[in-house]
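Just remember that this note's numbering sits 454 ahead of the position in the sequence shown, which is counted from 1. Beta carbons are placed, not taken as given, at the ideal position from N, Cα and C, and that holds for glycine. As the structure is a prediction and not an experimental result, all values here were calculated from the model.
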Amino acid sequence: CAVMASVDLYNTSAFLKLAGDAGKAGLTAAAITLTRQIKRTVNLGGPGAPSKPGEPPHKQTALLYNSWQPEAAKGEVLGEMTSRAFTHNPYAAFLEFGTSKMAPRPYVQRSIRDSATANQRAFNAAFTRVFNATVPGGVR
(Lines of atoms letter the chains of each structure in order from A and count residues from 1; the text may use other names and numbers.)
(Lines give C-alpha, C1' and ligand atoms only; values in the text may rest on other atoms or scores of the structure.)
Protein backbone atom coordinates (compact mmCIF):
# COMPACT_ATOMS: atom_id res chain seq x y z
CA CYS A 1 0.00 0.00 0.00
CA ALA A 2 1.60 3.24 -1.09
CA VAL A 3 0.83 6.58 0.52
CA MET A 4 1.07 9.55 -1.78
CA ALA A 5 0.48 13.14 -0.74
CA SER A 6 1.52 16.59 -1.76
CA VAL A 7 3.17 18.48 1.10
CA ASP A 8 3.82 22.20 1.40
CA LEU A 9 7.41 22.05 2.64
CA TYR A 10 7.19 25.64 3.80
CA ASN A 11 4.69 24.60 6.46
CA THR A 12 6.32 21.55 8.01
CA SER A 13 4.94 22.38 11.47
CA ALA A 14 1.36 22.04 10.15
CA PHE A 15 2.27 18.77 8.43
CA LEU A 16 3.88 17.40 11.60
CA LYS A 17 0.80 18.36 13.61
CA LEU A 18 -1.40 16.58 11.06
CA ALA A 19 0.84 13.50 11.12
CA GLY A 20 0.75 13.53 14.92
CA ASP A 21 -3.04 13.86 15.02
CA ALA A 22 -3.42 11.06 12.47
CA GLY A 23 -0.95 8.85 14.37
CA LYS A 24 -2.79 9.42 17.65
CA ALA A 25 -6.11 8.58 16.00
CA GLY A 26 -4.59 5.39 14.60
CA LEU A 27 -3.04 4.30 17.89
CA THR A 28 -6.24 5.01 19.79
CA ALA A 29 -8.25 2.97 17.27
CA ALA A 30 -5.80 0.07 17.64
CA ALA A 31 -6.08 0.23 21.46
CA ILE A 32 -9.88 0.11 21.20
CA THR A 33 -9.66 -2.91 18.89
CA LEU A 34 -7.26 -4.70 21.24
CA THR A 35 -9.47 -3.96 24.26
CA ARG A 36 -12.46 -5.47 22.45
CA GLN A 37 -10.43 -8.59 21.63
CA ILE A 38 -9.30 -8.98 25.25
CA LYS A 39 -12.94 -8.74 26.35
CA ARG A 40 -13.99 -11.32 23.74
CA THR A 41 -11.26 -13.67 24.94
CA VAL A 42 -12.23 -13.30 28.61
CA ASN A 43 -15.91 -13.72 27.73
CA LEU A 44 -15.40 -17.37 26.77
CA GLY A 45 -16.93 -19.92 29.10
CA GLY A 46 -19.31 -18.69 31.72
CA PRO A 47 -20.36 -18.59 35.34
CA GLY A 48 -19.83 -21.87 37.10
CA ALA A 49 -17.36 -23.09 34.46
CA PRO A 50 -13.90 -22.13 35.72
CA SER A 51 -11.08 -22.11 33.21
CA LYS A 52 -8.47 -24.82 33.08
CA PRO A 53 -4.73 -24.11 33.20
CA GLY A 54 -3.60 -22.75 29.85
CA GLU A 55 -7.11 -21.54 28.87
CA PRO A 56 -8.15 -17.90 29.00
CA PRO A 57 -10.01 -17.06 32.20
CA HIS A 58 -13.76 -17.59 31.94
CA LYS A 59 -16.00 -14.67 32.84
CA GLN A 60 -17.47 -15.37 36.28
CA THR A 61 -18.33 -11.97 37.78
CA ALA A 62 -17.44 -9.63 34.86
CA LEU A 63 -15.02 -7.71 37.09
CA LEU A 64 -12.01 -8.56 34.91
CA TYR A 65 -14.04 -8.10 31.71
CA ASN A 66 -15.31 -4.66 32.75
CA SER A 67 -11.92 -3.51 34.03
CA TRP A 68 -10.23 -3.46 30.60
CA GLN A 69 -10.22 0.00 28.96
CA PRO A 70 -8.47 1.61 26.00
CA GLU A 71 -6.31 4.67 26.62
CA ALA A 72 -6.24 7.47 24.08
CA ALA A 73 -2.89 8.01 22.41
CA LYS A 74 -0.52 10.58 23.80
CA GLY A 75 2.92 11.82 22.88
CA GLU A 76 4.56 13.73 20.08
CA VAL A 77 5.08 12.84 16.43
CA LEU A 78 8.85 13.30 16.67
CA GLY A 79 9.04 11.56 20.02
CA GLU A 80 7.36 8.56 21.52
CA MET A 81 3.65 8.16 20.89
CA THR A 82 1.75 5.54 22.88
CA SER A 83 -1.69 4.11 23.39
CA ARG A 84 -2.69 1.02 25.30
CA ALA A 85 -5.34 -1.33 26.54
CA PHE A 86 -5.07 -1.42 30.32
CA THR A 87 -6.64 -2.63 33.54
CA HIS A 88 -6.11 -1.73 37.18
CA ASN A 89 -7.58 -5.06 38.24
CA PRO A 90 -5.06 -6.52 40.70
CA TYR A 91 -5.54 -10.14 39.65
CA ALA A 92 -5.30 -9.57 35.89
CA ALA A 93 -1.55 -10.26 35.91
CA PHE A 94 -1.98 -13.31 38.18
CA LEU A 95 -4.34 -14.83 35.63
CA GLU A 96 -2.09 -14.00 32.68
CA PHE A 97 1.19 -15.23 34.20
CA GLY A 98 0.08 -17.52 37.03
CA THR A 99 1.35 -17.62 40.59
CA SER A 100 3.28 -20.13 42.67
CA LYS A 101 -0.06 -21.82 43.39
CA MET A 102 -1.97 -21.27 40.11
CA ALA A 103 -1.06 -22.07 36.52
CA PRO A 104 -1.35 -19.22 33.98
CA ARG A 105 -4.62 -18.50 32.21
CA PRO A 106 -3.10 -16.50 29.34
CA TYR A 107 -5.46 -14.12 27.59
CA VAL A 108 -3.61 -10.85 26.89
CA GLN A 109 -0.80 -12.27 24.73
CA ARG A 110 -3.35 -14.43 22.93
CA SER A 111 -5.53 -11.35 22.33
CA ILE A 112 -2.57 -9.37 20.98
CA ARG A 113 -1.75 -12.20 18.58
CA ASP A 114 -5.37 -12.78 17.55
CA SER A 115 -6.07 -9.09 16.91
CA ALA A 116 -2.83 -8.08 15.17
CA THR A 117 -4.40 -7.78 11.71
CA ALA A 118 -7.52 -6.02 13.04
CA ASN A 119 -5.33 -3.62 15.04
CA GLN A 120 -3.35 -2.74 11.90
CA ARG A 121 -6.55 -2.20 9.91
CA ALA A 122 -8.01 0.00 12.65
CA PHE A 123 -4.82 2.06 12.79
CA ASN A 124 -4.70 2.49 9.01
CA ALA A 125 -8.38 3.45 8.74
CA ALA A 126 -8.23 6.05 11.52
CA PHE A 127 -4.92 7.50 10.30
CA THR A 128 -6.24 7.78 6.74
CA ARG A 129 -9.56 9.29 7.89
CA VAL A 130 -7.80 12.10 9.82
CA PHE A 131 -5.24 12.67 7.07
CA ASN A 132 -7.87 12.74 4.30
CA ALA A 133 -10.03 15.21 6.21
CA THR A 134 -7.22 17.78 5.92
CA VAL A 135 -5.14 16.98 2.83
CA PRO A 136 -6.81 17.95 -0.47
CA GLY A 137 -7.15 14.82 -2.58
CA GLY A 138 -6.42 12.65 0.46
CA VAL A 139 -4.36 9.50 0.59
CA ARG A 140 -4.80 6.96 -2.17
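Is it right to say residue i is buried, meaning 16 or more other beta carbons lie within 10 angstroms of its own, or is it exposed?
i, result
"A484", "buried"
"Q574", "exposed"
"A546", "buried"
"V457", "Any reading at V457 is ruled out, since the residue's pLDDT is 49, under 50, leaving its predicted position unreliable."
"L470", "exposed"
"P501", "exposed"
"L517", "exposed"
"P507", "exposed"
"S467", "exposed"
"T495", "buried"
"A503", "exposed"
"L532", "exposed"
"C455", "Note that C455 scores a pLDDT of 46, beneath 50, so its modelled location is shaky and nothing firm can be said."
Return the first residue and the last residue of the alpha helix (DSSP H) that residue i is part of.
i, result
"G529", "No alpha helix (DSSP H) contains G529, which is instead part of the beta strand (DSSP E) from 523 to 529."
"R490", "466 to 496"
"A539", "Premise fails: A539 lies in the beta strand (DSSP E), 535 to 540, not in any alpha helix (DSSP H)."
"A547", "546 to 551"
Would you list the residues sitting across from residue i in a DSSP beta bridge?
i, result
"R595", "Nothing about residue 595 can be reported from this structure: the residues present for the chain run from 455 to 594 only."
Determine the direct distance from the alpha carbon of residue j to that of residue i, and round the result to whole angstroms.
i, j, result
"R564", "G529", "27 Å"
"K513", "Q491", "14 Å"
"N543", "S554", "19 Å"
"Y519", "P511", "10 Å"
"L488", "N578", "14 Å"
"R567", "T515", "25 Å"
"Q523", "Y561", "15 Å"
"F540", "S569", "15 Å"
Starting from the C-beta of residue i, find all residues in its chain whose C-beta is less than 6 Å away, skip the five residues before and the five after it, and write them out in chain order.
i, result
"G552", "P558"
"A580", "A479, G480, A483"
"T588", "L472"
Excluding the 5 residues preceding and the 5 following residue i in the sequence, name in chain order all residues of the same chain whose CB lies nearer than 8 Å to its CB.
i, result
"M535", "G474, G477, K478, L481, A527, K528, G529"
For chain C, is any of its Cβ atoms less than 9 Å away from the one on residue i?
i, result
"S565", "Here chain C cannot be found, since the structure has a single protein chain."
Going along the chain, which residues of its own chain have a beta-carbon closer than 7 Å to the beta-carbon of residue i, five neighbours each way excluded?
i, result
"R538", "A485, E525"
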